[in-house]
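Residue numbers (my numbering): 22 to 141. Backbone N, C-alpha and C define an ideal beta-carbon position, used for all residues, glycine too. Just so it is clear, the structure is predicted and the values come from calculations on it, not from any experiment.
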(Lines of atoms letter the chains of each structure in order from A; the text may use other names.)
(Lines give C-alpha, C1' and ligand atoms only; values in the text may rest on other atoms or scores of the structure.)
Protein backbone atom coordinates (compact mmCIF):
# COMPACT_ATOMS: atom_id res chain seq x y z
CA UNK A 22 0.00 0.00 0.00
CA UNK A 23 2.77 2.32 0.81
CA UNK A 24 4.22 1.71 -2.64
CA UNK A 25 0.88 2.52 -4.22
CA UNK A 26 0.68 5.74 -2.21
CA UNK A 27 4.18 6.71 -3.24
CA UNK A 28 3.38 5.85 -6.81
CA UNK A 29 0.17 7.90 -6.68
CA UNK A 30 2.02 10.84 -5.08
CA UNK A 31 4.81 10.57 -7.62
CA UNK A 32 2.23 10.49 -10.41
CA UNK A 33 0.50 13.56 -8.93
CA UNK A 34 3.84 15.38 -8.66
CA UNK A 35 4.72 14.36 -12.17
CA UNK A 36 1.32 15.50 -13.42
CA UNK A 37 1.65 18.82 -11.56
CA UNK A 38 5.13 19.30 -12.97
CA UNK A 39 3.83 18.47 -16.46
CA UNK A 40 0.96 20.97 -16.06
CA UNK A 41 3.38 23.66 -14.83
CA UNK A 42 5.77 22.86 -17.67
CA UNK A 43 2.95 23.05 -20.22
CA UNK A 44 1.78 26.36 -18.72
CA UNK A 45 5.32 27.76 -18.83
CA UNK A 46 5.73 26.48 -22.37
CA UNK A 47 2.43 28.07 -23.41
CA UNK A 48 3.42 31.36 -21.73
CA UNK A 49 6.85 31.23 -23.35
CA UNK A 50 5.21 30.56 -26.72
CA UNK A 51 2.84 33.52 -26.21
CA UNK A 52 5.74 35.75 -25.21
CA UNK A 53 7.74 34.56 -28.18
CA UNK A 54 4.81 35.18 -30.51
CA UNK A 55 4.26 38.65 -29.04
CA UNK A 56 7.95 39.41 -29.42
CA UNK A 57 7.87 38.17 -33.02
CA UNK A 58 4.82 40.34 -33.79
CA UNK A 59 6.51 43.37 -32.21
CA UNK A 60 9.72 42.63 -34.11
CA UNK A 61 7.83 42.33 -37.40
CA UNK A 62 6.00 45.60 -36.68
CA UNK A 63 9.27 47.35 -35.87
CA UNK A 64 10.86 45.88 -38.98
CA UNK A 65 7.94 47.10 -41.11
CA UNK A 66 8.18 50.57 -39.52
CA UNK A 67 11.92 50.59 -40.11
CA UNK A 68 11.40 49.59 -43.74
CA UNK A 69 8.82 52.38 -44.12
CA UNK A 70 11.28 54.92 -42.67
CA UNK A 71 14.01 53.62 -44.96
CA UNK A 72 11.68 53.91 -47.96
CA UNK A 73 10.82 57.50 -46.99
CA UNK A 74 14.52 58.32 -46.57
CA UNK A 75 15.29 56.83 -49.99
CA UNK A 76 12.48 58.89 -51.52
CA UNK A 77 13.76 62.05 -49.84
CA UNK A 78 17.31 61.35 -51.03
CA UNK A 79 16.05 60.78 -54.59
CA UNK A 80 14.04 64.01 -54.40
CA UNK A 81 17.04 65.90 -53.04
CA UNK A 82 19.24 64.48 -55.80
CA UNK A 83 16.74 65.61 -58.45
CA UNK A 84 16.60 69.06 -56.84
CA UNK A 85 20.40 69.31 -56.71
CA UNK A 86 20.71 68.24 -60.35
CA UNK A 87 18.11 70.82 -61.35
CA UNK A 88 19.67 73.48 -59.12
CA UNK A 89 23.14 72.73 -60.52
CA UNK A 90 21.79 73.11 -64.05
CA UNK A 91 20.09 76.38 -63.06
CA UNK A 92 23.37 77.66 -61.59
CA UNK A 93 25.23 76.62 -64.74
CA UNK A 94 22.64 78.43 -66.89
CA UNK A 95 22.81 81.50 -64.64
CA UNK A 96 26.62 81.50 -64.80
CA UNK A 97 26.54 81.21 -68.59
CA UNK A 98 24.02 84.07 -68.77
CA UNK A 99 26.18 86.23 -66.51
CA UNK A 100 29.24 85.45 -68.64
CA UNK A 101 27.31 86.39 -71.78
CA UNK A 102 26.12 89.63 -70.18
CA UNK A 103 29.67 90.43 -69.03
CA UNK A 104 31.00 89.79 -72.54
CA UNK A 105 28.32 92.04 -74.05
CA UNK A 106 29.01 94.72 -71.44
CA UNK A 107 32.74 94.54 -72.25
CA UNK A 108 31.88 95.10 -75.91
CA UNK A 109 29.54 97.99 -75.11
CA UNK A 110 32.10 99.60 -72.80
CA UNK A 111 34.84 99.21 -75.43
CA UNK A 112 32.57 100.76 -78.08
CA UNK A 113 31.61 103.63 -75.75
CA UNK A 114 35.27 104.24 -74.88
CA UNK A 115 36.14 104.34 -78.58
CA UNK A 116 33.21 106.70 -79.26
CA UNK A 117 34.35 108.95 -76.40
CA UNK A 118 37.89 109.01 -77.78
CA UNK A 119 36.52 109.83 -81.25
CA UNK A 120 34.35 112.63 -79.83
CA UNK A 121 37.25 113.94 -77.75
CA UNK A 122 39.48 113.93 -80.83
CA UNK A 123 36.82 115.76 -82.89
CA UNK A 124 36.26 118.30 -80.11
CA UNK A 125 40.00 118.83 -79.84
CA UNK A 126 40.24 119.41 -83.61
CA UNK A 127 37.25 121.77 -83.51
CA UNK A 128 38.78 123.65 -80.59
CA UNK A 129 42.08 123.91 -82.48
CA UNK A 130 40.22 125.16 -85.57
CA UNK A 131 38.20 127.67 -83.50
CA UNK A 132 41.41 128.82 -81.85
CA UNK A 133 43.11 129.15 -85.25
CA UNK A 134 40.14 131.08 -86.63
CA UNK A 135 40.13 133.29 -83.55
CA UNK A 136 43.82 134.02 -83.95
CA UNK A 137 43.32 134.72 -87.62
CA UNK A 138 40.52 137.13 -86.80
CA UNK A 139 42.51 138.57 -83.94
CA UNK A 140 39.92 137.63 -81.33
CA UNK A 141 42.32 135.79 -79.12
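Alpha-carbon to alpha-carbon, residue j and residue i
i           : j           : result
residue 88  : residue 69  : 28 Å
residue 95  : residue 114 : 28 Å
residue 77  : residue 90  : 20 Å
residue 130 : residue 121 : 14 Å
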